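> I'd like to ask you about the structure that follows.
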Amino acid sequence: MKGIKYSIVFFYLLLLNSICYSQELPPIVKYYSTTYNAGNQNWMISQDKNHYIYFANNEGLLEYNGSNWNLYKSPNETIIRSVKVIGNKIYTGCYMEFGFWTRKSNGHLSYTSLSNKIKSKILDDEQFWNIISYDQWVVFQSLNRIYIYDTKVHTFKIIIPKKGVLKSFKTSNSIYYQTTDYSLFEIENGTSKLISDNSILKGNKIVNILSIDEGLLIHTQFNGFYKLINGNLVKFNTDADSEIAASSIYSSQILSDGSFAVGTISNGVFIVTKEGKVKYHITQSKGMCNNTVLSLMEDAEKNLWIGLDNGINCINLQSPIKSYTDDTGMLGTVYTSVVHNNKLYIGTNQGLFCKDYLNEEQFRFVKGTKGQVWSLFIHDNTLFCGHDSGTFIIDDESSKLIFSQSGTWKFEMVSKHNDLIIQGNYYGISVLQKVNNQWVFKNKIEGFNYSSKYFELTDDNEMYVSHEYKGIFRFQIDRSFKKCSKLFTYTNPPKGKNAGLAKFNNSIYYAYKEGIFKLNPKTKLFEKDKSLSSVFDNNEYNSGKLILDNSNKLWLFSKNYIYYFTLNKLNSSLKKNVISIPSTLTNSMLGYENISQLSNYQYLIGTTDGYYVININDLSIKNHTVSITDLSINKLNGKQESKSLLEVGTYHYDENNVMFSYTVPEYNKYIYAEYQYRLDGFQDSWSEWNAKSTVSFKNLPPGDYVFKVRSRVSNSVNDNLATYSFTIKKPWYATNFAILIYSLLIIMSFIYINKLYKNYYNQQREKLIEENNLLLEIKELENEQQLMKIRNEQLSQDFEAKNKELAVSTMSLIKKDELLSLIKEDLKKSTDESNNRSIKSVISTITKNISEEDSWNVFKEAFDTADKDFLKKIKQAHPSLTPNDLRLCAYLRLNLSSKEIAPLLNISVRSIEIKRYRLRKKMDLPHEKGLVEYILSI
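FYI, in the working numbering the residues of the sequence shown are -9 to 928.
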């Protein structure tokens, strides 16, 4: 029996794995413990009105706002087992402790204990595993008791079952709990009421209880669903029972669409429809972090949150994107896909695979196609496969090689020739032709031998080929499609890595890193299309591959977005549509991105490990709300300190390092928020869009600021704007009062300086006046000196003239006396001879007139007039001088020679020399000094 049982279990597991292998699953977001920096296990999950998510984690209360994780340690540093958001409070339960958290003005949570009020009644080693909200009451359930807290009157009521409590449940109008003897009780009027102790429940733990019209729907751990109607248990069979039978169920959650999420101990999570069919079975091999599901919660956006034994997952159940992941490596990288005759064909690097399009089944290998598949093309109800080995025609799950001369990149039908197909090969262009209802190789077009991955043919047989390493070629094909001519190589636009070429709306486009260029059919030159080229702005270029789908949409992949262009109904421009899925998530091969249309709105995108299916009709983005979650202030090199977000902030001048955190609570794997901010008072323009949810401003100057942040999701800008106003105060030395003091001091300084300057200038003026006066005086003195000099010169001249006159007068006297002496001598001679009395009388008269004393007196009077005080000065200098000596000095003063002086003194020249010698002695003159020189210097 055990062998049969294990065989059945193995069969079920094999069946489940087979189904999962072929399933297209909703996006799964993984959060490992290293991501949120907390404990591995997450026991319960809840969400508040702001869409923040809370987890009862081994390390404490874990909060996630869509951008940042915050961990709040439990009050007694034990494992938090339960969490429940009720109104504005987050209630938690842990080891011998329960209470609630409220958000402070700075955005952080603060804990208030409720169990402290009844601390004496808490059992030793008691842990609180569940929290239930019912009207005004909050129920805390441990494994021993149930504590009912009245939030209005703040009182407690304790229910003490005879047996321990396994788990508690809430339906629309009741609270139930199951005891360790597997009896089911209802809390009614604050007391316990037995609902069922049916033997079916013995040994079968209840996972969840739901209210239905007939009564209760009970979900058990091992035996599926039961209906409890009027005290009787009735098995409720579903198609999922057999599939889930081998799993031990730990938790379950009814979803908003009526389906169930079932968490197991070791087999992941099942999503079961309300009809009882397994819609998804998601395990660790299909994208979950772990197979042990401890908790489940559906959020406001209908995402399913899963608390695991090791990590957290968020499954976007309502996402228009589904993924198929090839964990076995059997498929490989998907390069192309197509739906043909109700089969989905996938071309990969390992060959061609197919499966029935609408059925969940395994992919099957198409025989003969082992190797690299590049393209799939349908024409005339025939499926062509471009392969590394050549060209295949695919019929259901078999293949036929019709061309093997080189690998085939691409196919294109020839307009007006329904029986011809152009194919691009590794070594040029070749032609396929339909002959006798069979497609065969016709010929290679001669004259062009380069690889032709991307090519387009115009209606007049002009061919354009894009070669990644050589650029763009243009040539003419003859009517027989055998030869080409007029080969031309474009230099502009140049070649480019991952460049692409495609025809859309009868125009040929070329895309590479510098933009998207459109062929001008008249000039046959490529001209840059500024509108389309904008998709490569901000370093968005990844690949220039252009893809045209069956509904005439042109697709393009960039780093952070997928674009598709459609014809605008109102004008000739192209309408740009954006899907916000970054290349890091699509995981496509650069330059080999591929997308194919499965139905009107469903598209398949190939990846390196499978593919995605997108319903573009359901890609509507809801208007999310951006909010500021944290404001941190710090001094230079100081510790960050969170501030209040509820009021205008005023901060010290050195608290000028400001950091803002903000978020949009969006949890979709393929839809992420971008932010744009500005700080009025510091910058006038908005920043570039960025996914970073924090921004710092360093060393802000004092002033008033308003921080603004807005968001966009999938390139759609949200309506709301989050703002925060704050002021950085000026330092005390820059306040208005200080500035007033400074102004007064400056004014006083100006007055003082002005006064100093006035005094200085007055002094300088006076000094200048004095200097000018002095200069004038000096000038006057100089003038006086000059005048004096002139006068002295005049006096000197007069003196010389007087001396000359005196000398002339003296000489005249001398001549007169000499003449009188001669006359006298002659008369004497005559007197002796005649003894004439009259002659004697004349002689006597002459003698009187030649008196030396009279001559001297006349001379002295004239000399004193000419040379005033000379005789006094020389007498004072030499008191021993006699009158005769003074007389000699006077004559010497007149610069008279000894010969000229001798007659004046009536002595001989020799006597004059003797007198001069004696005069030198009296004056005590040195030998080297001349007597006349000395006398003239006095």
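From the three backbone atoms N, C-alpha and C, an ideal C-beta is built for every residue, glycine too. All values reported here derive from a predicted model rather than from experimental measurement.
Would the region 221 to 228 count as touching the region 193 to 200 if we require 3 or more Cβ pairs under 8 Å?
The region 221 to 228 is not in contact with the region 193 to 200.
> Within 10 angstroms of the Cβ of residue 918, are there 16 or more other Cβ atoms? Answer buried if so, exposed if not.
Flag for residue 918 reads exposed.
> So for residue 754, helix, strand or coil by DSSP?
Looking at residue 754 - three-state DSSP - the assignment turns out to be helix.
> Following the continuous alpha helix (DSSP H) through residue 860, name the residue where it begins and the one where it ends.
Element bounds for residue 860: 860 to 867.
> Please say whether residue 397 and residue 380 have beta carbons closer to each other than 8 Å?
In contact: residue 380 and residue 397 (Cβ atoms closer than 8 Å).
> Checking the sheet assignment: what are the DSSP bridge partners for residue 356?
Residue 356 pairs with nothing; no bridge assigned.
> Please state the DSSP three-state secondary structure of residue 935.
This structure leaves residue 935 out entirely; the chain is present only between -9 and 928.
> So, using beta-carbon positions, are residue 119 and residue 285 closer together than 8 Å?
In this structure, residue 285 does not lie closer than 8 Å to residue 119 by Cβ.
> Near residue 252, which residues of its chain fall below 7 Å by C-beta distance, leaving aside the five closest residues on each side in sequence?
Same-chain partners within the cutoff: 234, 239, 242, 259, 260 and 262.
> Residues bridged to residue 383 by DSSP?
Per DSSP, 374 and 390.
> For the beta strand (DSSP E) that contains residue 208, what are its first and last residues?
Where residue 208 is concerned, the enclosing beta strand (DSSP E) stretches over 206 to 210.
> Going by beta carbon distance, what residues of the same chain come within less than 6 Å of residue 552, once the five residues before and after it are set aside?
Answer for residue 552: 569 and 571, listed in chain order.
> Go ahead and label residue 484 buried or exposed: buried means 16 or more other beta carbons lie within 10 angstroms of its beta carbon, across all protein chains shown.
Residue 484 comes out exposed.
> Taking just the CA atoms, how far does residue 617 sit from residue 699?
About 8 Å.
> If I'm right that residue 581 touches residue 488 with Cβ under 8 Å, what's the distance once you round it to whole angstroms?
4 Å between Cβ atoms; contact.
> Using 10 angstroms around the beta-carbon of residue 783, count the other beta-carbons present and answer buried if the total reaches 16, otherwise exposed.
It is exposed - the Cβ of residue 783 has fewer than 16 other Cβ atoms within 10 Å.
> Check whether the Cβ atoms of residue 536 and residue 501 sit closer than 8 Å, and answer yes or no.
In this structure, residue 501 lies closer than 8 Å to residue 536 by Cβ.
> Which complete alpha helix (DSSP H) runs does the region 654 to 707 hold, if anything under 4 residues is left out?
Those alpha helix (DSSP H) runs which fall completely within the region 654 to 707 and span 4+ residues do not exist here.
> Going by DSSP, what residues sit across from residue 492 in a beta bridge?
Paired residues: 499.
> From which residue to which residue does the beta strand (DSSP E) around residue 230 run?
Unbroken run through residue 230 is the alpha helix (DSSP H), 230 to 234; no beta strand (DSSP E).
> Around the Cβ of residue 527, are there at least 16 other Cβ atoms within 10 angstroms (buried) or fewer (exposed)?
Residue 527 is exposed by the Cβ-count criterion.
> Tell me whether residue 783 sits in a helix, a strand or coil according to DSSP, three-state version.
Residue 783 falls in the helix class under three-state DSSP.
> State the DSSP-derived secondary structure class of residue 544, mapped to helix, strand or coil.
Here residue 544 sits in strand by DSSP.
> Which partner residues does residue 403 have in the DSSP bridge list?
In the DSSP output, where bridge partners are listed per residue, residue 403 has 411.
> In terms of alpha-carbon separation, which member of 31, 695, 733 and 416 lies closest to residue 719?
Closest by alpha carbon: 695.
> Residue 254: buried (16+ other C-beta within 10 angstroms of its C-beta) or exposed?
Residue 254 should be labelled buried.
> According to DSSP, is residue 879 helix, strand or coil?
If DSSP states are grouped into helix, strand and coil, residue 879 belongs with the helices.
> Would residue 91 be called buried (16 or more neighbouring beta carbons within 10 Å of its own) or exposed?
The residue is buried, with at least 16 neighbouring Cβ atoms inside 10 Å.
> Per the contact definition of three or more C-beta pairs closer than 8 Å, is the region 301 to 313 in contact with the region 643 to 654?
They do not touch, by the three-pair rule.
> At the level of alpha carbons, what is the spacing between residue 439 and residue 602?
Spanning the two alpha carbons is a distance of roughly 36 Å.
> What residue range is occupied by the uninterrupted beta strand (DSSP E) comprising residue 202?
From DSSP, residue 202 is part of no beta strand (DSSP E); its letter is neither H nor E.
> Report back the beta-carbon spacing between residue 97 and residue 620 to the nearest angstrom; my notes put them in contact at under 8 Å.
Residue 97 to residue 620, Cβ: 5 Å. Contact.
> Do you know how far the Cα of residue 777 is from the Cα of residue 833?
In a straight line, the C-alpha of residue 833 is about 53 Å away from that of residue 777.
> Are the region 653 to 661 and the region 15 to 25 touching by the rule of at least three beta carbon pairs closer than 8 Å?
Yes: at least three Cβ pairs fall under 8 Å.
> To which residues of the same chain is residue 11 closer than 7 Å at the C-beta, ignoring the five residues directly before and after it?
Since pLDDT at residue 11 reaches only 47, below the 50 mark, its modelled position is unreliable, and the value read off the structure follows with that caveat. These residues qualify, in order along the chain: 352.
> May I ask which residues mark the beginning and end of the alpha helix (DSSP H) holding residue 942?
This structure does not reach residue 942, given that the chain is present from -9 up to 928, and the question cannot be answered.
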